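A.B. asks: Okay, so the sequence shown: first residue is 4 according to our numbering, each after it adds one. In this text, a Cβ means the ideal position worked out from N, Cα and C, and glycines have one as well. Quick caveat: nothing in here was measured; it's all calculated off a predicted structure.
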Amino acid sequence: MEYAADLKQYWKRTYGHDINSKSSCILFHDLFHRLDQVVDQINSDGALSEAVTVQVGHAETLLPLLSLLDLFKDDIPLSSTNFATQKKRILRSGNIVPYAANLLVVLYKCPEGIRMGVRLNEKSLTLPGLTDPVPMYEDVKKRYGALLEGCDQETVCKINN
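#1: How close, in whole Å, do the beta carbons of Glu157 and Gly97 come, if the pair is a contact with beta carbons under 8 Å?
#2: Thinking C-beta only, is Leu66 closer than 9 Å to Thr129?
#3: On the DSSP bridge list, what partners appear for Val108?
#4: Pair every Cβ in the region 50 to 69 with every Cβ in the region 92 to 112, then say whether three or more of these pairs are closer than 8 Å.
#5: Compare the C-alpha of Val108 against each of Glu53, Glu115, Glu125 and Val121 and name the closest.
#6: If you measure from the CB of Ala103, is any heavy atom of the ligand FAD nearer than 8 Å?
#7: Nearest to Tyr132 by CA position, among Ser82, Leu74 and Ile93, is which residue?
So, in structure tokens, the structure goes:
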């Protein structure tokens, strides 16, 4: 039953189709826009206009965003025919987005610069492509540079005739 649920989430909300994760482009850009504003305020030694931003959604919102960040991506795609080889898969939707799932992104002002920490369901995550669990914010922006420059909702959703 768990694999059936994971298959559904894989094909509807995560890595089964490219459009699944791209549905979170607006949320992704909003997140980094807000983080950039805070970083600018910290760097200018100004007072923070917002100490916390809370956005509420559902698993159906969180899974595509996590996929856009390349989290929980297996090397071999999930399918109905490879159950036997997927016993050690990373994508286990029941663990990733249980009831009351939450994603926390935190900025830290450190002597060497601004760092960013990510926690999912209160557990620290290391972002793919980065080795430090609390990397420099600029390194995170470089890692996701292609998405920050692209991932335009209008282009993603445009229907070609």
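C.D. replies: Let me lay it out:
#1: Working through the sequence shown from its first residue, we reach residue 157 at position 154. Working through the sequence shown from its first residue, we reach residue 97 at position 94. Not really, about 34 Å apart at Cβ, beyond 8 Å.
#2: Numbered from its first residue, the sequence shown carries residue 129 at position 126. Numbered from its first residue, the sequence shown carries residue 66 at position 63. No. Outside cutoff.
#3: Here residue 108 refers to the residue found at position 105 of the sequence shown. For Val108, which the question treats as bridged, DSSP gives the partners Val121.
#4: With the cut-off at 8 Å, the region 50 to 69 and the region 92 to 112 touch.
#5: Residue mapping note: residue 108 aligns to position 105 of the sequence shown, counting from 1. Scanning Glu53, Glu115, Glu125 and Val121 for the CA closest to the CA of Val108 turns up Val121.
#6: With respect to the ligand FAD, the structure shown offers nothing to examine, as it has no ligands at all.
#7: Against the sequence shown, residue 132 aligns to sequence position 129. Reading off the sequence, residue 132 comes out as Gly, not Tyr. Closest by alpha carbon: Leu74.
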